[in-house]
Each structure stands twice: as C-alpha cells, then as structure tokens.
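First the structure, in the form of structure tokens, and then the observations on it.
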Amino acid sequence: MQSNYYPYDSYVAPQLSNATTVDESLISGDEPEGIAPDKRSGRRKIKIEYIDDKSRRHITFSKRKAGIMKKAYELSTLTGTQVLLLVVSETGLVYTFTTPKLQPIVAKPEGKNLIQSCLNASDPPTQSSESNNDLHQILTKKAKKNKPKDSSNTK
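Following full-length UniProt numbering, the numbering of the sequence shown begins with 1 at its first residue and continues without gaps.
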C-alpha cells in the first residue's frame, strides 16, 4: 500500500520558553481542594446527541471526519484490508477514503450512480437492501476479477 493515502500533516507543538512549575498533587492523581472532578481539563465524556449550534456542529463534524479517515487509513495499513469509507456532510458534500483496489467504485460512473442513488433514497433507507445487493454484486465481480488463478487444478 502506498503511504500517499494519508492526507494529514504532522504537527509539532511549540516549545515552552519559560520553565513552569508543576503541582505535584496533579501528577499523583490527587485533586486539589476546591476543584470538582468534572472541572478537570483533558478528555471528558460527552453526551452523544444532536448538536443544535451550527458552528459547534460543523467543528465537531470536521474533527470527527478527520479522525474516522485516519482510522480507516490505519486499519488498511495495519491489517492489509481493503477499505471504502464514505462520509456525507449535511450540506451534501461526499468525502471518501478508498484503498487502491476499491478506488474504481467511487471513480467509475456505475459506482458514482450507486452512491448517488443511496443518497437520494428516503430517510430511513427502506430500499437499502436493493442498494446493498447492487454494491455486493459490484464487489463480488471485482473480487472474482482480481482473484489469482488456482494452479493446483491444472495438470
């Protein structure tokens, strides 16, 4: 697999110019008096519910989209699997991640038409089984085409 499918730039944190003191109670896990457990900085659990504020929703979408794209890349790199990821924003933009073998599905007209028909389907997708069958047929044909010939049957 080529590494050019990882479209993210690395980021180097800026160096601190002044030495800072560290509260030893924070390192040991003890909480300083007066600070409630839910007021700590760092990762916090969030409720998974619709975000009403459009600006916050867009920011969350952008960050989580980048995260899931990174996970798709890592999955394909670490396990050698073929991955196809489609993410559609609420404005209708389609973002894709594909490994090289699945690239024709999103590049060829048949694949684009299939994706568009899925996007045009009613919510919730009641016709999804038909679309899944179409996708299954495309993937099965692709797998048969790429399958190496079994040399044990030839004499």
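In this text, a Cβ means the ideal position worked out from N, Cα and C, and glycines have one as well.
Nothing here was measured: the structure is a model prediction, and the numbers come from that model.
Leaving out five residues before and five after R56 in sequence, what residues of the same chain have Cβ atoms less than 7 Å from its Cβ?
-> none
DSSP state of L84 mapped onto helix, strand, coil = strand
Is the stretch 92 to 105 in contact with the stretch 57 to 72, if contact means three or more CB pairs nearer than 8 Å?
-> yes
On the three-state DSSP scale, how would you describe T98?
-> strand
H58 to L86, Cα distance in whole Å?
-> 17 Å
Rounded to a whole number of angstroms, what is the C-alpha to C-alpha distance between L135 and K144?
-> 14 Å
Check whether L102 and L84 have beta carbons under 7 Å apart = yes
Among G92, I138, I48, which has the Cα closest to the Cα of Q116?
-> G92
May I ask you to report which of helix, strand or coil DSSP gives K47?
-> coil
Evaluate I105 with the Cβ neighbour count: other Cβ atoms within 10 Å of its Cβ, from every protein chain shown; 16 or more gives buried, anything less gives exposed.
-> buried
Just the Cα atoms here: how many angstroms apart are Y50 and G42?
-> 22 Å
Counting along the chain, where does the alpha helix (DSSP H) carrying T60 start and finish?
-> 54 to 79
Coarse secondary structure for R93, derived from DSSP in three states = The residue asked about is misnamed: residue 93 is Leu in this sequence, not Arg. Three-state DSSP puts L93 in coil, outside helix and strand.
Distance between L139 and A66 (C-alpha atoms, nearest Å) = 26 Å
Alpha carbon to alpha carbon, how far is P109 from D123?
-> 24 Å
By the 10 Å Cβ neighbour count, where 16 or more other Cβ atoms means buried, how is S76 classified, buried or exposed?
-> buried
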